[in-house]
Every structure is written in structure tokens, then in C-alpha cells.
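A short worksheet on the structure shown next.
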Amino acid sequence: MTTLLDLKSSVLRQVQRSQSLRSRREPPPTTSSPLTDCPPKPLPRRISAESVEFFERTNAVLQKQENMMRAAQAECQRGACTVPPPQEHVDQPFITERISRTELDLLYEEAVYTVVNRVGVPAPEHVKSDDELFAYLLKVFDMGEEEHEIILQKVQESKRASFSLRVSVMKAKSLMAKDANGYSDPYCMLGILVGQSPREPEEKKERKFSFRKRREKLEKRSSTKEVLPARCIQVTEVKPETLNPVWDEHFVFEIDDVHNDLLHLDIWDHDDDVSVAEACKKLNEVSGLRGMGRYFKQIAKSVRANGSASSGSEENADDFLGCINIPLNEIPVPGYDTWFKLEPRSSASKVQGECHLVLKLFTSQRDTTLSKRDTNVSIHKKLLSQIVENEHAQVKREPYNWNGQVSPPAWTILTHHAVQTDLSPLQQAIVRWHCYSSHHRNQRVCYSLLLRLLRTIDAEWDPPAVRGDLERQLSDSFRLYTEHCLCLMKNMRQVFPCTSAAAITRYELMLRGIGYMQNMRAFKTVCPLRNELHLDITTAVKKGTAEWYESLIAQYKPEEGTLEEQLKKMVQVIDAVCADVQRAQNVYNQLFYSTVKVDFFSISYRQLEKQVADDVNVAMERVCGTLEQESSRLTQAMGETIFELFVSLKILKGFREFLPLKDAKMLALTGFHNWFKSSIHKWLQIVHERSCDRIRKAVEADQPQPPQQAKHSSSAVEVTACFSQVREIWLQLAWPDSAGAFIFVTRLTDNFCSEAVFYSEMITRRIERNQLGRDHKGFTVQLCIALNSIEHVRVYLTHLPRDLDWSGVERAMEESCGVEGKEQVYKALNGQLFNMDLDLQRETKRIISLLTDKMLPELRRYIQHISLSPDSINNDEAVSPLMKYLQDTMAILTENLVKENLSRVLQSMWELLLRMILDTVTENRGVQVEFYNRFQYTVETLLQFFHVKGEGLSLEDMKIGDYKVLDEELRLNKCSSFDLIEQYYLEKISLQKTLKHTPFGRISVKCYYDAPEQRLTVEILHAADIIALDANGLSDPFVIVELCPHHLFPSAKSQRTQVKLKTLHPVFDELFYFHVSPEHYRHRYACLTFTVMDYDWLSTNDFAGEAVAPLSDFCWPGRPNASPAGKNVQPVILHLSRSKPSEKPIMRMLDARTGDREAQEFVRRLKEIEKSMEEE
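full-length UniProt numbering applies: residue 1 is where the sequence shown begins, and numbers increase by one.
Put into C-alpha cells, the structure is as follows:
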């Protein structure tokens, strides 16, 4: 509570100290001194152009935020062009390991060995020519022809590669039902069959056979060679009661002749107690057997012995479900992974369905140096790295956007090598990732390629398949790539600027990749300790932001130069920070949050906001310390710099609205406005001085004619434009402290009001100086423009409560200081506006008076014409010249005045005409009635003229003041003398009713009327508090009672009481009788007058006071006084008055009627009373 009271007292004191509008008519001096320790020296008045430039600079500062947003949009638009992104440098550049020549030769041997030992059907995109492949290898390995021939000969002399076939029996579908239950119990029997030699072409058609043959066919052959040999026979599990079995079993067969052997597969229904499958299993228990022909007869006999002897068909006995024959030389290089249709053994067989097989040929033995020393994965990685480096070097257009696609020769060699070395898809994916990510750290590639490689690893991931060196290599590659990306994030402002759309696209893909990596199963398995990647990213962003800010400080060096130069450099730093924060909010934050779920904006903003606040706080402490020195003043240049610094900080602070609520608390810039409090006060004074300079120049530069489609001058537009800019200054300040805001708003309101009054005074003085020699119309138009200009400014200032948000200031003060604070704000601000309005009205009246003064001679002439017009001409002719003049003037005014000013001018003209007519009528009392009738007609005509059928002045506004006086003057002047006398008594009766207490005492009377006798009894009881008229401080009072007016009661005589000596409270108790007929008391003006006089023995009696009582109060039928019981009514107390008759218009009118005896007699009596009053 104490704090609030102190705050309120401080605010109220500052308001009371603020300068009054009326004490500042001239603009404040515009002198200033440098912000140094030197004594201030007066400077000459700055030229107005400097004020214009001042406001232009200020306006540029006010537009700073909008310009920043526009620049950010333009920056993004410029980035849409095909500008290559900057180089992606990191702190420690990656150095690739250079392979030795010896190793290259060994790797080249491996590549040549792969080409020479190619097997399988090549894909359309593969290169089939050995020469073309060798030519490609020569370029990749930078090998000479001689070296190539040596290595090629070595390979050709080495042992040929041994091949094996990996067969995966996956599943079958839609098999034929062999059992009574509608199902079968299928199993597979598969093996490698020796192919036909080229010498036996006629036997090629016998390819579709089974391991089971009729004995007759087997016994026809004379030797075991003629029996179909089986290299190795494998059998799957039996899948009971199904037509869609799923085996997912894998087998490997050694191949002797990869060009002629074939794979044969039978599917049987397991029905026998001793099946072929069991026989084969026993057969396969014999290890090391190559030729299986000698056992085939035993398997067949076993099967037939367990079969049904009565079966008429061998097909039914054997429950054959179909077979597949696949020549090995028809298998593609990558292998088969497809469905094969089951085929019958003969035309008599009936089979159906398909079987899904995965086949792959690979080398089981390679005769190369590297294959004997290194693992297949390591060799393939070296080969891929060599090829990738060469392939990327061939990309000339946008090499940074290379998608990793290699040439057909390269793809052919890599595919064959991967197949021959039996690399699994997962191993190939890991090798490709390792090579490309490693290459990327030295020579960047498209991030979509790396993301695609990561997705391939994730899709093929099988933890048991990755162990040992492969796991370690994958972990290292993930670690190195992550560290590389974190380094790029730290330098993102240089590496991925918003000005390059390509860079932003790359950045998004990089973030998407790093975000995808941290969620991969592979990453979590091989990098179990790096489970908080978002913390690493946050640290990188913080460090990069801090380093970027330090680079700004190093670039602008805000600690060097004068204090003003330091602040200007600090403004440049903050503007750069605001631009960076804008980019963070517009571009980077969405990238980070959508990819790695990191709030980039919050991290970078809080970091930058704190660093900026620390630096500015130190700088403003130096400024405040300098300003507090007595000999130091704020220069305009310094003030502009401080204002711009404040606006820049406010813009930076405004970005906090994009922060999450939890991050928007306790920020360093929360109370930064307090650093500028004293500076802003001085800055507003500079703004006020420049505003006055600008207003002065605007008035001096005013053109005779207003701008098109406007009725005010260009200076009025300039003044309101100046006000608008100052208002924008305040809105940009957006002062958050309620007490400070109240002081500033009071100061600004005072400045606005004083500047408006200053403008109106300059306008008025300029017209007063230039009015001589002007024609009437031209001068009138200039006056209209001046009036409109002042009104234009006045109307603008009526919006100050809204523009400066007075209500917001009132609410804030009410919250901090209570209701009293709110009321103080209301009184202070509205008082300023009210005083300004009074001053502008005063200047407006001065200008209108110039206009009416110009019209005055003509109006006098036309009023005199009406006054002197003979009775023979009608009223229209008498008034016509005046109305013609007014109509011409009205046309000019209507064309050039705005509605509000037109009403003011018409009101002034109306009042002027009323005064002129009133003066004329007053000067001509006692003339013919026609004279007054003519002016009555003139007033009615003018009333309709200025009313303009409701479009002009309102009748209510016109029928007040002088109009009432004039109307009464005309009415009375047209009355007879008796009518005037009667009006006189009516006014006295009306005045008597309003008297409640007077200093002249009171009289108590009782009046009652005897209707049958037509007799009015008047009982004067006593008086009190009579004024002392004698030297002894007392009086000798008596009362004169009479019926008035005398012309109504010509026979009634006045009566008087006895004199009561030396008293101010006389008691009379005397009765008086008057004859009053109903015809008399029915008149409203019929009355009794009680005149209290002071008896004087040596001179005339002195007038002490009088009172009147209308007869209608006593005599009218139904009144209590007008009955026999009237004697019992309560007495009436009448307060005495002593008004001077000469002050009444009726007195002057009667006095002017010198030829009227009754009028002169009435005036004589009143003058005697007034004379006695003057002699006291």
C-alpha cells in the first residue's frame, strides 16, 4: 500500500508541475547542446527543412518492423532462384584416407576378378561387354594398359570362382487336394540336377522330370551315368492339411556347372508310412557324397514298396503335386524372388498352384588376394568408395545435389560384386550408407540420398545379422554423421541461409535425416548411449547462436567511438538480431520442429535476447550517467539514436509472443523501458520543438488556394500529419508502466494542445497582417480557409482520447492508485483538452470578428436604410437590400466553410445583426409604431433566413439572448403608455413572488375582500428589519398603501399609516378600506402597493422599500380572503425591495414619450423615489 501511495503522489506531483496551456503561447526555444560535459551554447534556430528531415527519419524508424517483415519476404523470394547454396564447412574438415597404390592394385584385381566371373542373367541396365567394363575400371583406378593386362592375365590364370546357390522355399498356394478331407500334406523335395551336355541336344526336352521314375525307365539305362544324378537332395518339413503351406526354409547347394546345371523341385503329398522324404533324410545322412545316382533306385524302390500295389495309376500312388525346373543360367544377377507355376511331369499329370522361391547365386570361393585377407563387407566398401568418388567427380551441374546414382558400368560391377560376395541386403545398405555418408563429409551430396539410405537400413534391419566389426563401423558412421550435422547446425546461418532456397531445402532434408536416424532401430541398437539427440541439437543451436552474436559484435564494434556512435552501432546489432529472429520464426523454427521436435525459435531467441539486454543495459547506464550531469543536454541526433534503439529493442521484445508460455517468463528485456525513462522525456521535448518548427514552416508555405477537394489549407494537413507521426511515436513506445504512461500521455496531450493553439495564433496573425488591400470576396475566402484549417486541427485533437488510449491509462492508474488516481487522470487530461478548445474558440472568434468587422459598414448602411425608410414603402422593399447582401455573403460562406464553421459564422452574424437592430430601436424610442413594425418584420425575415428551413441555425439557438431583449423591446415599443405601465406592474408582481429574503426587511399584512360590499380591507400589522435611514441608526417608518395602476383606479386615493419613530421593527395594526369592483380585480396587473418611507421633518421623506400584492390573491371568488371568514386568515409576509426604476426598459420607453402626460406623470413619481434613494 505504501508503494502505491508513493507512486500516486509522484504521478500527481509531476502532473501539477506540467506546464499550463495558457502559459505557453510561443513555441519553446529550439536550442540544444551536445551531449557532453561542456556548458550548453545557444545555437541558431534550425531551418524548417531540418524538421522535415527529422520527421522523415523518425517515420523510417516507425516503419522499421514493417520493413523488416517486407525484407524477410523479399529475402525468401530472392532465395527461390537457382542460387547454389554456400559451402558446408565445419570447424574441423573431414580428411579422407588416401588408399595406397598397392591397395589400389589389389582392389583393381578384385574388380577384374568380379568382371571375369560374372554369372546370371544381366538386367537391362547392366553392361554386358567386358571391354566396356574394363575401360571403366581403367578410369576409376587410373590404371595403365600394361598394368591392366598384367592383372587381367593373373586373374585368368587363377582358379575360377566356385559358386553356390542359396534357395529359400517360402510358401506355396492353391495346391491340388489329394486327401479325402479336401486337403493335402505337402512337402518339397529339391536338388541340383546335372545339366545336359551340348552333345545330347535331343535330351534337352526331357527336363520336366521327377526324382521318382518308373522302374522301367530307370532299368532301361545300362549305367549309373544314365540314371538322373542328384548332387544333393533336400526335403522341407511336411505341412499337414493345407493347400497353402508356408515353409520359409533355406538351403545351399554347391554348383559344379553354373552354366548347365538346373534346380529341380518336387512337391508331394505325404500319405505313406515310409515316405520319400524319410528316405531322402536317411540318404542325406551320408556325408561327403557328390553323385547320388546309385541311391536313387533305392529311394524309388522304397517308395514303390510302400505304395498301393493295386493302384492303377502311378500318379495316384505317388500323390504328386507338381514340380519346378529352373536352369541356373537363367537366374538374374540379383537372383529370383518370385512365384513359380507348378508343372506336371507328363501330359497325364494334373497339377495346379504356385510356389514362392528366393534364389541367389554367389561365390563360395574366390582366388584373389583381398578375398583371402579381408572380409567381403570391407572389400565391397573399398570398391564402392573408389567408384563413388569417381562418379561424383564426373557431376558438373549442381554436384551438391547429386542423388548418388552411378553409371551403368559402375552399377554392373557393384551389383556383381555384391552378389558374388554374398552380401545381404542389410549389409549392402550399411556399406552404401557408410560410403556415401563418409564421402558427404568431404564432398556434399543430396541429403535425400542419405535419408533414403537410412530408410533402407531401417527396412532391412536384423539385429542378429549385425555383429562385430560391422556393428562398430555402423556405430562410427552414425556418430561421425551426427557430429558433422551438429557442426553444420552450429554454423547454420552461414551454411543454410534463408537467401538460398536450395540451402533451406538441404537443411530441411538434413534435419529430417537426423531426426529419422535418432528413431531408427539400428541407431538405438548400435548407439545406445546417444539417446538424447535433441539435447545435443539444443546445445549446438545455443552455441551457434552465441557465436553468431559474438561475430556481430566483432563486426560492428559497438564499444568503439563516441557514445552516440556506440549506440548507433548497437542499433545495427539489434536490427541484425531482429532480422535473425524473424528468420528463425518464419523459416527455421518450422524446419526444426517438424523434423527433430526442437523449438529452435525459443532457444535462439532467449539466447539472443539475454545477450542484447546485457549489452544495452551497460550502454544505457553510460547514457543516463551523462544526462544526469548538470551541464549536459540531449542533442537531437542523440535523441533520435536513443529513440531508434528503444524501437529496435521493442521489436525484439515483441517476438516473445511466439514463445511458449513457459519460456515467456523472466526474460531479460521485460523491464527495459526503465532504462530509457529520463531519455524519452528529453526526446519528447525535442519532438515538440521540431513539431513547432514544422508548423511554423507549414503556415509560411500556405498557398492562397486550398488543395483540391478540400476546404482547409495545406498547413492544416501538415499539422495533422505531424500530430499523426507523433502519435505513432507514442504507439511505438507502448509504455507498459501505468504511472510513466500517464506522465507521458499528459506531456503529449499538453504538447498537442499547445501546438494546436500555436498554429491557430499564427494563422490569425498572418491574416491580420495581410488583410489590408484585400477585396471583400477574396478576404472572405481566406478567412474561411483559416477557420476550416483551425477546425480541421480541432477535430483531429478531439480523437486524442482514443488515439492516446486515455481509457487504458485510466484503467492502469485505477489498478495502481485506486479510484482517486483514475479521477486525477480524467481531470488532468480532459482539463487540457478543454482549455485547448477554449483557446481555439477564442482564435476562431477573432477570425470571425475580422469577417464581421469587414461586413460591418455595409450592414450599418442597410440597417440605416431600413430605419429611414418612409412609411409609404412596404417592408419587403425596405429589407430587400440587406437580404440581397446577406444572400451574396451566404453563397460565399456556404461554398467555402465546413458545416461547423458555417454555423459559427452564421451565429456571429445573427448576433451582430440583433445588436445593430437593438441599438437602432433603442436610439429611436417614442417614434411611430410603423417603425417598430418594420424592424419586427426585419427580425422575422432574418430569423427565417438564418434558419434556412432547418439547414442553418436552430430556432432554439437563435431565440435567446439579444433576440429576447430585442423582441421585448419591439413589443413594448409598440404598446400604449397604459400597456407599458401595466407591464411594469406585472413585472413587479412576478419579481415579488421570487423574493425569499432581502436586506430591506419585510412587512406583514392581512387583506380580505367583502364581495357584496365590493370592499377590500387592508390590515397593516407590522414590519421588521427596516433599513436604517437616519443618522442615529434607526428610522421613522410609515407605510403608504394604494391601488395600482392609477389609470385603473382613478378615484382611489393613496392611504398611509402613522409614523413610528425611531424603530426598525414598527408595529402599525391599522385598517384601510378600498372600493374594488370585479371589473378591477380581474386584471392580472391590478395590485396593492406597500411603500415604506422614512419620515423626515426637514426634507423629503426617504424611500425604504416597497412590496406589491396582486388583487387576484384576495378578491377572486373562492379565495379564503374573499369570504366572511377572511378576517381569520393568516397574515401575508411581503419582502421589501428597492430596485431602481431607471434600469427598466419600460421606464426608458415611457420617459421617451414626452408628449404623453400619463407616461410623464408615472415616470416623474418613479424618478422621485429613485432620487430619494440616491440622496441617502
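Beta carbons are placed, not taken as given, at the ideal position from N, Cα and C, and that holds for glycine.
Can you tell me where the beta strand (DSSP E) with residue i in it begins and where it stops?
i	result
Val1018	1015-1024
Met1093	1087-1094
Cys188	186-193
Pro327	320-327
Ala1052	Ala1052 -> no beta strand (DSSP E), and no H or E assigned at all.
So residue i and residue j are supposed to be a Cβ contact under 8 Å. How far apart are they, rounded?
i	j	result
His380	Leu423	6 Å
Ala418	Asp458	In fact, because the Cβ distance is near 19 Å, the residues do not count as touching under 8 Å.
Leu342	Ser184	Not a contact, Cβ separation roughly 12 Å.
Met1149	Asn933	Rounded, the Cβ-Cβ distance is 16 Å, inconsistent with contact.
Thr482	Ile504	Wrong, their Cβ atoms sit about 21 Å apart, outside the cutoff.
Leu190	Leu262	Leu190 to Leu262, Cβ: 11 Å. No contact.
Asn788	Leu897	6 Å
Provide the residue span of the alpha helix (DSSP H) that contains residue i, from first to last.
i	result
Met883	875-896
Val377	376-393
Trp339	Trp339 -> not in any alpha helix (DSSP H); beta strand (DSSP E) instead, spanning 336-341.
Gln234	No alpha helix (DSSP H) holds Gln234; the beta strand (DSSP E) holding it covers 230-235.
Tyr447	447-460
Ala828	806-868
Glu609	600-627
Val333	Unbroken run through Val333: none, as it is neither H nor E.
Pro1078	1078-1081
Lys697	677-700
Ile255	Looking at the DSSP string, Ile255 is not in any alpha helix (DSSP H); the run it does join, the beta strand (DSSP E), is 246-255.
Compute the Euclidean distance between the alpha carbons of residue i and residue j, then round it to the nearest angstrom.
i	j	result
Lys1167	Pro1141	7 Å
Asp1096	Arg1153	33 Å
Gln73	Cys498	10 Å
Leu357	Arg432	27 Å
Leu488	Lys139	34 Å
Gly1001	Asn1101	18 Å
Ile729	His688	12 Å
Lys964	Arg1015	40 Å
Ser908	Tyr885	16 Å
Val781	Asn835	28 Å
Ile892	His712	15 Å
Arg512	Ile99	33 Å
Ser1054	Phe1072	10 Å
Asp599	Arg583	14 Å
Lys171	Gly353	11 Å
Ala549	His792	According to the sequence as given, residue 549 is Tyr; it is not Ala. Going by the C-alpha atoms only, they are around 49 Å apart.
Ile651	Pro463	53 Å
Pro112	Leu104	Note that residue 112 is Val in the sequence shown, not Pro. If I take the Cα positions, the gap works out to 12 Å.
Leu914	Val939	8 Å
Ala812	Ala739	8 Å
With 16 as the cutoff for other CB atoms within 10 Å, does residue i come out buried or exposed?
i	result
Phe253	buried
Asp614	exposed
Leu856	exposed
Met69	exposed
Asn830	exposed
Phe1162	buried
Arg1084	exposed
Arg472	exposed
Thr889	buried
Ile1133	exposed
Ser1172	buried
Glu761	buried
For residue i and chain B, any beta-carbon pair shorter than 7 Å?
i	result
Ala698	Given the protein chain composition of this structure (a single chain), no chain B is represented.
Next on the checklist: Suppose only complete runs of 3+ residues qualify. What are the beta strand (DSSP E) ranges in the region 727-751, listed by chain order?
Outcome noted: The qualifying runs do not exist here; there are none.
Item to check | Residue ranges of each alpha helix (DSSP H) within the region 476-535, 4 or longer | outcome: Taking only runs of at least 4 residues, the alpha helix (DSSP H) segments lying wholly in the region 476-535 are 492-495, 501-518, 521-526.
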